[in-house]
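Here this note's numbering is used: position 82 in the sequence shown is 108, and no number is missing along the way. C-beta: ideal position from N, C-alpha, C; glycine also. What follows is one structure encoded as structure tokens, with my remarks underneath.
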Amino acid sequence: MRSDKHNRAPFPLTLAATGGLLFLHLPLLLIFAYAFTTEDKSFQWPPPGFTTRWLAVTWARPDVWQALTLSLQVASIATAFALVLGTLCAAALSRARFFGQEAITLLVILPIALPGIVTGIALRSAFGMMNIPFSFWTIVLGHATFCIVVVYNNAVARFRRMSPSLVEASYDLGANGFQTFRHVILPNIGTALLAGGMLAFALSFDEVIVTTFTAGQQQTLPIWMLEELIRPHERPVTNVVAMAVVLVTLIPILGAYYLTRDGAETAGSGK
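This is the structure:
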């Protein structure tokens, strides 16, 4: 049996990993610190003082609530579309073998591989060509393009791990298609779908680039934050909202991680 000493990572590797983690997460701590600063025009370090009044100011801002409501609605509906379409794509491509399957698989995952600005320009051009006015639904369609991929990646991995004999046994025992899906397939892929839905919701909730090209005059919460940074009025309010976004998106991401940590079904689901 190897000792714990041999299982430890080399000190330079540990130091590099620690430095990388600090580089990634220290800026997030600054957001939390500046959300409680007494300075309202610029950021100083260390903050001249701490106050909680910006929480009340943010709570009373109607523009924040409008942007938050729009983001939650868009993320919820885009996730619902993604769960249906992503699951159907995963079921078809994991169970069937046909000519051109790899090409179709590439087309399904392409939206998440492309830069967001390319997807945004493509969607804006398509909406303009079809004379579709920018609205709530154009934002939903834009977000659904990459949310489908997140759900697909989770579902297809779980479908491939599920034995086809389970479905065959269900049919042999007299179950119809709906009963087989409800009692056999759904219990086996349920956690993967839940994880994919959580990740899709988190990605949609904080999407900026695609939203910029598909929102028109509407403001989701990330777009509101971007405009507030460009033309600041009360800087700490932006940091309070950013702190809330971190907390809102952290919950589904952690939930998705714990639901799928025992397998590889979330592989490739990042954006």
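Exercise for the section: Say whether the stretch 250-269 touches the stretch 172-183, bearing in mind that this needs 3 or more beta-carbon pairs closer than 8 Å, one atom from each stretch. Expected result: no
Exercise for the section: Measure how close the beta-carbons of G216 and G112 come, nearest whole angstrom, since I'm counting them as under 8 Å. Expected result: As a working note, residue 216 is residue 190 in the sequence shown. As a working note, residue 112 is residue 86 in the sequence shown. At roughly 14 Å, the Cβ-Cβ gap does not stay under 8 Å, so G216 and G112 are not in contact.
Problem - Simplified DSSP assignment, three categories, for F76 - result: To locate residue 76, count along the sequence shown from 1; it is residue 50. In the structure shown, F76 sits in a strand (DSSP, three-state: E or B).
Problem - First through last residue of the alpha helix (DSSP H) which encompasses F124 - result: For this step, residue 124 is matched to residue 98 along the sequence shown. Where F124 is concerned, there is no enclosing alpha helix (DSSP H), given that its DSSP letter is neither H nor E.
Practice task
Specify the secondary structure class of T246 as computed by DSSP and reduced to three states.
Solution key: As a working note, residue 246 is residue 220 in the sequence shown. T246 falls in the coil class under three-state DSSP.
Practice task
Take every Cβ of the stretch 232-241, pair it with every Cβ of the stretch 134-149, and state whether three or more of those distances are shorter than 8 Å.
Solution key: yes
Problem - Cα-Cα separation between M359 and S196, rounded to whole angstroms - result: Any property of residue 359 remains undetermined from this structure, which presents the chain solely from 27 to 297.
Problem - Where the alpha helix (DSSP H) containing P159 begins and where it ends - result: Counting from one through the sequence shown, the residue named residue 159 turns up at place 133. From DSSP, P159 is part of no alpha helix (DSSP H); its letter is neither H nor E.
Practice task
Compute the distance between the beta-carbons of F185 and A116, then report whether it is under 8 Å.
Solution key: Taking the sequence shown and counting its residues from 1, the one referred to as residue 185 is at position 159. Taking the sequence shown and counting its residues from 1, the one referred to as residue 116 is at position 90. Closer than 8 Å, so yes.
Handout entry: Selection from Q205, L132 and L96 that minimises the alpha carbon distance to W250
Key = Locating residue 250 in the sequence shown gives position 224, counting from the first residue. Per the Cα distances, L96.
Handout entry: Pair within 8 Å by beta-carbon distance, A104 and S230
Key = The count along the sequence shown starts at 1 and reaches residue 104 at position 78. The count along the sequence shown starts at 1 and reaches residue 230 at position 204. Yes.
Handout entry: Spatial neighbours of I279 in its chain, beta-carbon cut-off 6 Å, leaving aside the 5 residues before and after
Key = Position 253 of the sequence shown, counting from 1, holds the residue named residue 279. So the list reads A228, once near-sequence residues are dropped.
Handout entry: Cβ neighbours of S120 in the same chain (closer than 6 Å, five flanking residues each side left out)
Key = Along the sequence shown, one-based indexing puts residue 120 at 94. Once the five neighbours on either side are set aside, the close Cβ partners of S120 are V182, F185 and R186.
Practice task
Use the C-beta contact count for V266: other C-beta atoms within 10 angstroms, 16 or more gives buried, fewer gives exposed.
Solution key: Within the sequence shown, the letter at position 240 stands for residue 266. V266 comes out buried.
Handout entry: Bridge partners - T63, DSSP secondary structure assignment
Key = Taking the first residue of the sequence shown as position 1, residue 63 is located at position 37. Beta-bridge pairing links T63 to F76.
Problem - Best match in A268, V177 and S151 for proximity to T240 [C-alpha to C-alpha] - result: Position 214 of the sequence shown, counted from the first residue, corresponds to residue 240. When each option's Cα is compared against that of T240, the closest is S151.
Exercise for the section: Rounded to whole angstroms, what's the CA-CA distance from L81 to V263? Just pull it up for me. Expected result: Position 55 of the sequence shown, counting from 1, holds the residue named residue 81. Position 237 of the sequence shown, counting from 1, holds the residue named residue 263. Each residue's Cα considered, the two are about 8 Å apart.
Exercise for the section: Would you check if the distance between the CB atom of T246 and the CB atom of V100 is smaller than 8 Å? Expected result: Position 220 of the sequence shown, counting from 1, holds the residue named residue 246. Position 74 of the sequence shown, counting from 1, holds the residue named residue 100. The answer is yes: Cβ separation under 8 Å.
Exercise for the section: Please name the residue, chosen from Q244, A268 and L225, that lies closest to I277 on a Cα-to-Cα basis. Expected result: As a position in the sequence shown, residue 277 is number 251, starting the count at 1. Cα-wise, what sits closest to I277 is L225.
Exercise for the section: Using three-state DSSP, classify D89 as helix, strand or coil. Expected result: Translated into positions along the sequence shown, residue 89 becomes position 63. In the three-state DSSP reduction, D89 falls in the helix class (H, G or I).
Practice task
Indicate the three-state DSSP secondary structure (helix, strand or coil) for P262 in the structure shown.
Solution key: Here residue 262 corresponds to residue number 236 of the sequence shown, with the count starting at 1. For P262, the secondary structure class from DSSP, reduced to helix, strand or coil, is helix.
Exercise for the section: Take A106 as the anchor and find which of P190, V176, A43 and G242 has the nearest alpha-carbon. Expected result: Position 80 of the sequence shown, counting from 1, holds the residue named residue 106. Selected option, being the one with the closest Cα: V176.
Handout entry: Residue of D89, Q243, L220 and P141 minimising C-alpha distance to F162
Key = As a working note, residue 162 is residue 136 in the sequence shown. The candidate whose alpha carbon is nearest that of F162 is Q243.
Problem - Nearest candidate by alpha-carbon position, reference P137, set L98, L273 and Y178 - result: Residue mapping note: residue 137 aligns to position 111 of the sequence shown, counting from 1. Residue Y178 is the option with its Cα nearest to P137.
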